[in-house]
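Worksheet: the structure to be examined is printed underneath.
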Amino acid sequence: MKPSLITVCSGLAARLLIVLALLLCIFANAGPNDSSPQQRYAEQWAATAVREMYRSGVPASITLAQGILESRSGQSALASEGNNHFGIKCHTDWKGKSMKMDDDSKGECFRVYDNADESFKDHSDFLRYRDRYKFLFDFDTKDYESWAYGLKKAGYATDPSYASKLIRIIEDYNLAKYDSMSIAEVEALSPAVREVSNEPENSKESKMSRRQARKAEKKAAKAKKSASEENEVIPESPLSLETAVIFDQKASESFNFSLRREVYATNGVAFVYAIEGETYESIASAFNLFHKEILKINDLSSNEKLIAGTVVYIQQKKAQAEKGLDKYIVEDDGENLRDICQRFAVKLSSIRKLNGFDEKHMLRSGDTIILRK
Numbered sequence: 147m148k149p150s151l152i153t154v155c156s157g158l159a160a161r162l163l164i165v166l167a168l169l170l171c172i173f174a175n176a177g178p179n180d181s182s183p184q185q186r187y188a189e190q191w192a193a194t195a196v197r198e199m200y201r202s203g204v205p206a207s208i209t210l211a212q213g214i215l216e217s218r219s220g221q222s223a224l225a226s227e228g229n230n231h232f233g234i235k236c237h238t239d240w241k242g243k244s245m246k247m248d249d250d251s252k253g254e255c256f257r258v259y260d261n262a263d264e265s266f267k268d269h270s271d272f273l274r275y276r277d278r279y280k281f282l283f284d285f286d287t288k289d290y291e292s293w294a295y296g297l298k299k300a301g302y303a304t305d306p307s308y309a310s311k312l313i314r315i316i317e318d319y320n321l322a323k324y325d326s327m328s329i330a331e332v333e334a335l336s337p338a339v340r341e342v343s344n345e346p347e348n349s350k351e352s353k354m355s356r357r358q359a360r361k362a363e364k365k366a367a368k369a370k371k372s373a374s375e376e377n378e379v380i381p382e383s384p385l386s387l388e389t390a391v392i393f394d395q396k397a398s399e400s401f402n403f404s405l406r407r408e409v410y411a412t413n414g415v416a417f418v419y420a421i422e423g424e425t426y427e428s429i430a431s432a433f434n435l436f437h438k439e440i441l442k443i444n445d446l447s448s449n450e451k452l453i454a455g456t457v458v459y460i461q462q463k464k465a466q467a468e469k470g471l472d473k474y475i476v477e478d479d480g481e482n483l484r485d486i487c488q489r490f491a492v493k494l495s496s497i498r499k500l501n502g503f504d505e506k507h508m509l510r511s512g513d514t515i516i517l518r519k
């Protein structure tokens, strides 16, 4: 007896449903990040982001998420033509190449880099050395949520959903894993090995791919072992480095402390906070210094009225800032170089020489001041 047309159609429909179900399972398991531009971007720049994390303290996941969002996974004109992945503008001190694009205003100037790594470095420095972002570095590098909300709070972006977008990208593409990796581990992950081969299992290409995968696994295991021996560490937060500490008066033989008061130190240089009614001359006398000597130490050419709470150094300041405070990015046009030097306990003459400034140089918002060679 021949099967009826209805029976044949029912059988085909059942098979079609099974095929559709299998396809749905495959797509469901693939997830949102398989072979996507975002995933490819993360894999391409993961090593750079991790290196920056150990240099500056910015979590690799945050760097990658911002790059994905701001450069459209490296496909924006600014990224593809100018190697600028984070929309970094020229500012007054930029002497490199540039390109004009419309942003907040028409025809704004953006930096052009010789390579994208320079863009990643500038992005890290932009966060670490600007006062309004320094509180972020008190968060753990694995706490990407606090970093994301902190960036929004500090005014990094005007988009009200900026923080949630970063968090979504980090979680969708599993970027948080890079915050726990060493430089050696992430460099051992070759993008070529991660690609799934479409060649037949016994083909020459497939065998070569499997051999590469085994080599990569061994390389990653070796990297993990060597990384634990190297003990890579995240740098201290800039705010903790700037925090004044109690100066060990007993360990110092450079001067006598004739006045009983608390002496502090920053960058290893001793200072006191001026008390109401004090003068530079009275502080100099209390610490067995000449009047002209204390003025020179504090980069003053003449006497001026002391305001209570002013930092007065009683030791010669240093030629460069403490390690980890390599730069300072000017926030406001009203800042002056002498105040910055007082803040970081560095000599005004040394910082002028380091930056090629003359005595008449005026600072402007966005200028980068080099504080350490």
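Quick note: the sequence shown uses the numbering used here, first residue 147, plus one each step.
Backbone N, C-alpha and C define an ideal beta-carbon position, used for all residues, glycine too.
Test item: CB-CB of residue i and residue j under 9 Å
i: I515; j: L509; result: yes
i: I380; j: T287; result: yes
i: G220; j: Q185; result: no
i: L471; j: E408; result: no
i: I440; j: I460; result: yes
i: G228; j: V204; result: no
i: A390; j: A411; result: yes
i: E378; j: S310; result: no
i: L312; j: L215; result: yes
i: C255; j: K241; result: no
i: F283; j: L385; result: yes
i: K267; j: E198; result: yes
i: C236; j: S244; result: yes
i: F393; j: V458; result: no
Beta-carbon contacts of residue i that lie in its chain and below 6 Å, excluding the five residues immediately before and after
i: E427; result: H437
i: V154; result: Low confidence applies to V154: its pLDDT is 46, below 50, so where it sits in the model is not reliable enough to give any reading.
i: L210; result: A188, A195, L321
i: E333; result: A193
i: E269; result: The sequence given here has His at residue 269, not Glu. So the qualifying residues of the chain are F232.
i: R278; result: A300
i: R518; result: Q466, A467, D472
i: A294; result: A309, L312, I313
i: S404; result: The predicted model places S404 with a pLDDT of 49, which falls under 50 and marks its position as unreliable, so this point remains unresolved.
i: Y319; result: N179, Q184, Q185, A188
i: S202; result: S270, R274
i: I475; result: Y275, R276, T514
i: Q212; result: none
i: T304; result: none
i: L500; result: I516
Close beta carbons around residue i, own chain, < 8 Å, minus the five adjacent residues each side
i: D479; result: L509, R510, S511
i: L483; result: L494, I497, R498, F503, H507, L509, I515
i: E477; result: R276, D277, R278, S511
i: G414; result: K464, E468, A491
i: V342; result: Summary for V342: the model assigns pLDDT 39, below 50, so the residue's position carries little reliability; its value from the coordinates is reported in the next sentence. Here the set comprises nothing.
i: S383; result: G203, K280, F283, D284
i: S234; result: It is Ile, not Ser, that sits at residue 234 in the sequence shown. Only F256, R257, S265, D268, H269, F272 meet the Cβ criterion.
i: D248; result: E254
Residue i burial status per 10 Å Cβ neighbour count (16 or more: buried)
i: R276; result: buried
i: T238; result: exposed
i: A491; result: buried
i: L151; result: Model confidence at L151 stands at a pLDDT of 49, short of 50, so the residue's coordinates are unreliable; what they give is reported in the following sentence. So L151 counts as exposed.
i: D325; result: buried
i: N444; result: buried
i: A338; result: Caution applies to A338, whose pLDDT of 48 falls short of 50 and renders its modelled position unreliable; the value that the coordinates give is listed next. The residue is exposed, with fewer than 16 neighbouring Cβ atoms inside 10 Å.
i: A223; result: exposed
i: D271; result: buried
i: D513; result: buried
i: N261; result: exposed
i: G253; result: exposed
i: E375; result: The predicted position of E375 is uncertain, since its pLDDT is 43 and thus under 50; a value taken from the coordinates is nonetheless stated next. Its Cβ having fewer than 16 others within 10 Å, E375 is exposed.
i: N449; result: exposed
i: S217; result: buried
i: E505; result: exposed
Any non-hydrogen atom of the ligand NAD within 8 Å of residue i CB
i: E439; result: As for the ligand NAD, it is missing from this structure, which has no ligand bound.
Nonlocal neighbours in the same chain, by C-beta distance under 7 Å from residue i, ignoring five residues either side
i: L452; result: A420, E424, T425, Y426
i: A454; result: A420, I421, E422
i: S207; result: Y290, I316, L321, A322, Y324, D325
i: S292; result: F285
i: K298; result: Y308, A309
i: Y200; result: I329, E378, I380
i: P230; result: Before going on, a small fix: residue 230 reads as Asn here, not Pro. Result list for N230: L224, F256, R257, V258, Y259, S265, in chain order.
Residue i - partner residues in DSSP beta bridges
i: A411; result: V391, A416
i: T514; result: I475
Sequence ranges, alpha helix (DSSP H) only - wholly within the region 219-262, length at least 4: Complete alpha helix (DSSP H) runs here, min 4: 223-228.
Completely contained alpha helix (DSSP H) runs for the region 425-512, where each covers 4 or more residues: Within the region 425-512, the complete alpha helix (DSSP H) runs of at least 4 residues are 426-432, 437-443, 483-490, 494-501.
At what residue ranges does the region 257-299 contain a whole run of the alpha helix (DSSP H), taking only runs of 4 or more? Counting only runs of 4+ residues, the alpha helix (DSSP H) found wholly inside the region 257-299 occupies 262-274, 290-299, in chain order.
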